[in-house]
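For reference, the structure discussed in these notes is given below.
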Amino acid sequence: MSESKWIVKNATLDDAERWFSLTAIVQPDFCNIDLINDDNYRSAMIKNMKRGTAIYVEDYIRTDTPIIGAMTYSQNQNHISWLAVHPDYRKRGVASSLMKHMLGELANAKEIRVKTFLYDDEYGKAARNFYKKQGFVGKDILMEEEGYPHPVQVFVKLLE
1 MSESKWIVKN
11 ATLDDAERWF
21 SLTAIVQPDF
31 CNIDLINDDN
41 YRSAMIKNMK
51 RGTAIYVEDY
61 IRTDTPIIGA
71 MTYSQNQNHI
81 SWLAVHPDYR
91 KRGVASSLMK
101 HMLGELANAK
111 EIRVKTFLYD
121 DEYGKAARNF
131 YKKQGFVGKD
141 ILMEEEGYPH
151 PVQVFVKLLE
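For the sequence shown, the UniProt record's numbering begins at 1 and goes up steadily by one.
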């Protein structure tokens with residue numbers, strides 16, 4: 001499937017099991033934090049599904065239609081909360097499709113923010129490269145962040 005053909009959908013509670021299946025697959029990309037059993041993560045994802053700020057792309061060619069990329073964001077704070085793509089579908093336009101959809105939802109925003117691993121952390125290398133290609137610029141470094149076992153960096157994209 002070409003990268004321009006991905007269809008972004010709003011996640012509902014009916015998608016939760018597939019969403020958490022993707023979460024388990026990408027766990028190594030998030031410092032191996034056990035997000036599946038993290039009550040804060042689970043409740044945040046459910047809350048986003050209920051309010052329409054959880055989006056995903058699925059592989060509808062496969063009979064089991066797995067979610068291959070997912071994102072949550074805040075329309076009030078113009079912030080990407082979580083973004084992940086299944087390892088088998090990376091560098092095929094899935095994350096870009098999610099980003100484009102989300103930016104359309106934030107049409108009146110002046111900037112959008114995302115937190116990711118620090119510039120020298122191997123865990124964040126792919127994420128930082130993606131955000132930079134999308135026009136984000138590294139800004140603040142937060143040495144401690146609630147719930148994270150590592151320092152994070154804020155990336156900001158100014159919207160026109």
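Glycine included, C-beta positions come from ideal geometry on N, C-alpha and C.
Item: Helix or strand or just coil, what does DSSP make of residue 128?; Value: helix
Item: Mind the definition here: the stretch 16 to 27 touches the stretch 61 to 79 only if three or more C-beta pairs lie below 8 Å; say whether that holds.; Value: yes
Item: For residue 111, which residues of its own chain have a beta-carbon under 7 Å away from its beta-carbon, when the five flanking residues on both sides are left out?; Value: 78, 156, 157, 158, 159
Item: What is the DSSP secondary structure of residue 19, reduced to helix, strand or coil?; Value: helix
Item: Alpha carbon to alpha carbon, how far is residue 7 from residue 1? Give it in angstroms, no decimals.; Value: Per-residue confidence for residue 1 stands at a pLDDT of 40, beneath the threshold of 50, marking its modelled position as unreliable; no derived number is given.
Item: Below 8 Å, how does it come out for the stretch 104 to 119 and the stretch 72 to 91: are there three or more Cβ pairs, yes or no?; Value: yes
Item: Taking all protein chains shown into account, do 16 or more other C-beta atoms lie within 10 angstroms of the C-beta of residue 56, making it buried, or fewer, making it exposed?; Value: buried
Item: By the three-class DSSP mapping on this structure, what secondary structure does residue 89 have?; Value: helix
Item: Can you have a look at residue 43 and say buried or exposed, based on whether 16 or more other CB atoms are within 10 angstroms of its CB?; Value: exposed
Item: Is it right to say residue 34 is buried, meaning 16 or more other beta carbons lie within 10 angstroms of its own, or is it exposed?; Value: exposed
Item: Please classify residue 137 as buried or exposed, where buried requires at least 16 neighbouring CB atoms within 10 angstroms.; Value: exposed
Item: What is the rounded straight-line gap between the Cα of residue 60 and the Cα of residue 101?; Value: 18 Å
Item: Got a sec, what are the start and stop residues for the beta strand (DSSP E) residue 107 sits in?; Value: Looking at the DSSP string, residue 107 is not in any beta strand (DSSP E), and its letter there is neither H nor E.
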